[in-house]
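Take a look at the structure below.
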């Protein structure tokens, strides 16, 4: 009873709370990092060095008036933020945070579920999230959100192909779709897969930026052309849902990248025994540390690079990344057979 | 018992949303009901321990193809039905014929499978059982051995459709 009901429920609660808190502080971190890059201080007023800013933001969003445009498609308008957020959160069900640990005499695996089709589950659930964007734009019954949502969904569908192709080459490397299995196969190989698949890693990172609508691919939210983006008409908590979904998706992309390419919870260079002293750091700490580094890179890129033009974005996706990703799959397959 | 309850409630949801798909006045709503319908079908696959099929159902149909449907429906003005379909009696007769054919097919399949089951498992032309374990591995093994020809034919069909679409969209190549 405890094993099949209480522990999984506890894990779900812990992961959800951690993700939502992580998202809140990711927003603060983003503002801070961009401020530092631009030689500013960032939020400083709420708490020491603005440490309580996320709480103030959350409170503000909770208390704001929730406006529905008069000619909006009411049901779809209400459903869209939910459809955005839920897939971003349920993906965490298959992310492995570490290997099994013993707690109070029982063995607790540090993942909610290890399913045979883990990686495919992540891809397919994430593909449902597109509906949130499209429907938000459609149901607002307003020009700019509609244009933005068309851009967003075209971008997402295009880059999804390239990203999924890189995942195929990673599946070829690991020989399994289970997220735990992929990390285990990296432990057996004694090698993070990023060193074996640098091309796939690069395509995944670029595609990941595009799929989360982050700079330099944040065209759906280009303020100068589109007022705000697909969520222009939203306010209050519904707007916050889109915000939460975007940042939760950033964490998802980072977590999947860490699992596939950076050895998940493994320490650096798991094949080198001389570095065994690094094992004093708990496994989940390694995992979170790697995610943190990834998120910093996301923010760094946003602070550094200007936005792409729409035709450049589409050209990069279809004419460079997709052929490259397919070629990478073919080469990986051939090498797998030959070696 | 629990399985039966799960199956019948899932089937009820699938049928309910299927009815909503064809009765919804707003085409976008209709497409959305179709997505929900697909998700429930995926749940049915999970019940059959076909996890791979379930995930592919969500990925390809709910997450891929219907997104394109939604694009078309949103961008094309579907407010007024074309004149050809305006005659309700003709539509009704056509619907009756099509659903009659479908019913006949379903009855034929049900009759065939019950007589086959009565004849014993040996008489059925089954695919060989794959030497690998795991859902994905088994599907892959069967696709690339026993079902290789249908698999390749299906992919050729898709390729032809793709080339056709490109030629239709791009008059001068």
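Chains as they are written, first to last, in this note's numbering: chain A, 2 to 340; chain B, 8 to 180.
Where a beta carbon is used, it is the ideal one built from N, C-alpha and C, also for glycine.
Quick check on residue i - is its C-beta less than 8 angstroms from some C-beta in chain B?
| i | result |
| --- | --- |
| residue 78/A | no |
| residue 139/A | yes |
| residue 125/A | yes |
| residue 207/A | no |
| residue 235/A | no |
| residue 314/A | no |
| residue 131/A | yes |
| residue 128/A | yes |
| residue 336/A | no |
| residue 83/A | no |
| residue 135/A | yes |
For residue i versus residue j, is the C-beta spacing smaller than 8 angstroms?
| i | j | result |
| --- | --- | --- |
| residue 229/A | residue 67/A | no |
| residue 74/B | residue 131/A | yes |
| residue 272/A | residue 191/A | yes |
| residue 221/A | residue 153/A | yes |
| residue 146/A | residue 231/A | yes |
| residue 86/A | residue 296/A | no |
| residue 27/A | residue 251/A | yes |
| residue 95/A | residue 119/A | yes |
| residue 168/A | residue 124/A | yes |
| residue 307/A | residue 217/A | yes |
| residue 268/A | residue 287/A | yes |
| residue 133/A | residue 84/A | yes |
| residue 197/A | residue 322/A | no |
| residue 258/A | residue 205/A | yes |
| residue 21/B | residue 47/B | yes |
| residue 171/A | residue 201/A | yes |
| residue 98/A | residue 266/A | yes |
| residue 43/B | residue 24/B | yes |
| residue 300/A | residue 35/A | yes |
| residue 32/A | residue 43/A | yes |
| residue 16/A | residue 135/A | no |
| residue 76/B | residue 38/B | yes |
| residue 149/A | residue 227/A | yes |
| residue 143/A | residue 78/A | no |
| residue 159/A | residue 318/A | yes |
| residue 194/A | residue 293/A | no |
Looking at the C-beta of residue i, does it have a partner C-beta in chain A at a distance below 8 angstroms?
| i | result |
| --- | --- |
| residue 31/B | no |
| residue 81/B | yes |
| residue 77/B | yes |
| residue 147/B | no |
| residue 141/B | yes |
| residue 74/B | yes |
| residue 35/B | yes |
Tell me which residue opens and which closes the beta strand (DSSP E) that residue i is part of.
| i | result |
| --- | --- |
| residue 104/A | 102-104 |
I'd like the span of the alpha helix (DSSP H) that includes residue i, first residue to last.
| i | result |
| --- | --- |
| residue 108/A | Premise fails: residue 108/A lies in the beta strand (DSSP E), 107-109, not in any alpha helix (DSSP H). |
| residue 66/A | Element bounds for residue 66/A: n/a, residue is neither H nor E. |
| residue 36/B | 34-54 |
| residue 262/A | 237-262 |
| residue 46/A | Segment: none, residue 46/A is in no alpha helix (DSSP H) and carries neither H nor E. |
| residue 319/A | From DSSP, residue 319/A is part of no alpha helix (DSSP H); its letter is neither H nor E. |
| residue 144/A | 144-175 |
| residue 29/A | 8-38 |
| residue 291/A | 284-305 |
| residue 185/A | 180-190 |
| residue 63/B | 58-63 |
| residue 142/B | 142-151 |
| residue 98/A | Premise fails: residue 98/A is in no alpha helix (DSSP H) and is neither H nor E. |
| residue 169/B | 155-176 |
| residue 308/A | First-last for residue 308/A: undefined, no H or E at that position. |
| residue 198/A | Per DSSP, residue 198/A belongs to no alpha helix (DSSP H) and is neither H nor E. |
| residue 215/A | Segment: none, residue 215/A is in no alpha helix (DSSP H) and carries neither H nor E. |
| residue 78/A | 75-91 |
| residue 81/B | 73-82 |
| residue 122/A | 119-129 |
Quick one: does the C-beta of residue i sit closer than 7 angstroms to a heavy atom of the ligand SAM?
| i | result |
| --- | --- |
| residue 217/A | Because no ligand of any kind appears in the structure shown, any question about the ligand SAM cannot be addressed here. |
Members of the stretch 144-157 of chain A that neighbour chain B once the beta carbon cut-off is set at 7 angstroms: 154
Chain B contacts made by the stretch 90-122 of chain A, where a contact means CB separation under 8 angstroms: So the list reads 116, 117, 118, 121 and 122, given in the order they occur along the chain.
Short-range partners of chain A found in the stretch 41-71 of chain B, where Cβ spacing is below 9 angstroms: 42, 46, 49, 58, 59, 61, 62, 63, 64, 65, 66, 67, 69, 70 and 71
What are the residues of the stretch 45-68 of chain A that lie near chain B, defined by any Cβ-Cβ distance shorter than 9 angstroms? none
Proximal residues, the stretch 171-185 of chain A versus chain B, C-beta separation under 7 angstroms: 178
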